[in-house]
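Right, one structure below, let's go through it.
In our numbering, the protein residues as written are 467 to 842.
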């Protein structure tokens, strides 16, 4: 019975391996892609297989059928793109067609069928270079037209066009300058006013610094920048942000968070009197203390230096510090080998809790701003 079971498993493994090999062979020769009508992918896969094994009959069959159809398909797309005068960005489709045709020719040249009937090898270096220049020029012209309006949102569209143009011509200095100018013109500048402190609480200056640091380290939007109002200089801020904070409150709690009992037989050699082995016992209590800080916060965004509030949110800023240590009752030998902390940690300084709370408020403010400016 056992031999029959083993034989069954062996046959199953062999059958699975054969099915897998057939599947992998079909994929690598492009047969599946050809059946699905993706002649370009079929030609690529079969040509790649032939470049590594010129005698692969299945790859040869797929390649000889797929390559002519793939070329015909992309020559047709090229013709349509050239004729579509209504599309100002048709040159990008032309570039794609030339790139694909050239890639196909490069792959075909590595097969034993290069130059034979139906397997034409053509390179389009000059045509491709010209199409790339035309594609970049079309995007640049579109960007220039949008920038002329002086509008914030059209400058952002222009920024996109300049980015696309640079993909076709590389790092061209004049285009890089236009890209930078579009970013500057499309940026919504937000002046961050000094934090208003109501009563004794978080240091307002420290909170303002923490907020700016958080917003600079993790920008919320490509086209939204936050700068201290005192440092705006020539930048025309169209929004102003103000945080108001109330009194900082601290609360301290201490509790038991775990208890464990231990027992252990002590070796007589460890006993000073040389007595018989004894069993020692201990109870281990784990203690935790926490200091929580809270502070009421109001976030307001104004439409201008003297404008009305266009966004108001209130929340309670919170931060927490905690630490744990161990208390032992009984014979300490019972817990030998355990990693324990018997010294109670000191409570944090007030200034440290205030700084921790300032960072927490800055993070929550950033999340609110991210949602508000998401579509700005």
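Glycine included, each C-beta is placed from N, C-alpha and C at the ideal position.
In DSSP terms, what residue i is bridged to
i	result
residue 655	691
residue 642	Answer is none; residue 642 lacks a bridge partner.
residue 466	Since the displayed the chain opens at 467 and closes at 842, residue 466 lies outside it and no answer follows.
residue 705	656
residue 760	715, 784
residue 579	DSSP output for residue 579 lists no bridge partner at all.
residue 751	725, 793
residue 767	707, 777
residue 744	732
Cβ pair residue i, residue j closer than 8 Å
i	j	result
residue 499	residue 511	yes
residue 732	residue 760	no
residue 602	residue 560	no
residue 831	residue 677	yes
residue 797	residue 748	yes
residue 753	residue 795	no
residue 656	residue 703	yes
residue 770	residue 706	yes
residue 763	residue 800	no
residue 834	residue 765	yes
residue 532	residue 509	yes
residue 826	residue 785	yes
residue 824	residue 673	yes
residue 551	residue 606	no
residue 520	residue 578	yes
residue 592	residue 570	no
Residue span of the alpha helix (DSSP H) that contains residue i, given as start and end
i	result
residue 534	523-549
residue 626	618-635
residue 683	670-683
residue 836	816-838
residue 598	591-613
residue 686	No alpha helix (DSSP H) contains residue 686, which DSSP labels as neither H nor E.
residue 560	556-574
residue 799	Per DSSP, residue 799 belongs to no alpha helix (DSSP H) and is neither H nor E.
residue 499	497-501
When the options are compared against residue i, the one with the closest alpha-carbon
i	options	result
residue 651	660, 609, 677, 679	609
residue 687	518, 838, 519, 528	838
residue 828	550, 533, 568, 692	692
residue 645	840, 620, 658, 659	620
residue 628	713, 548, 643, 616	643
residue 506	681, 716, 543	543
residue 622	816, 502, 689	689
residue 787	522, 679, 813	813
residue 836	681, 712, 817	681
residue 729	540, 743, 660	743
residue 659	527, 696, 612	696
residue 712	724, 772, 612, 820	820
residue 523	540, 637, 535, 496	496
residue 810	575, 751, 539, 616	751
residue 587	637, 815, 534, 773	534
residue 685	725, 840, 502, 633	840
Endpoints, the beta strand (DSSP E) within which residue i is located
i	result
residue 726	715-732
residue 660	That residue, residue 660, is in no beta strand (DSSP E); it is neither H nor E in DSSP.
residue 780	775-796
Integer Cβ distance of residue i from residue j, believed to fall under 8 Å
i	j	result
residue 573	residue 513	4 Å
residue 648	residue 624	4 Å
residue 710	residue 662	4 Å
residue 618	residue 567	The Cβ separation is near 41 Å, so there is no contact.
residue 719	residue 756	5 Å
residue 557	residue 614	So it is not a contact: roughly 22 Å between Cβ atoms.
residue 768	residue 805	Actually they do not touch by this definition, with Cβ atoms about 54 Å apart.
residue 546	residue 584	That belief does not hold up - the Cβ atoms of residue 546 and residue 584 are roughly 23 Å apart, past 8 Å.
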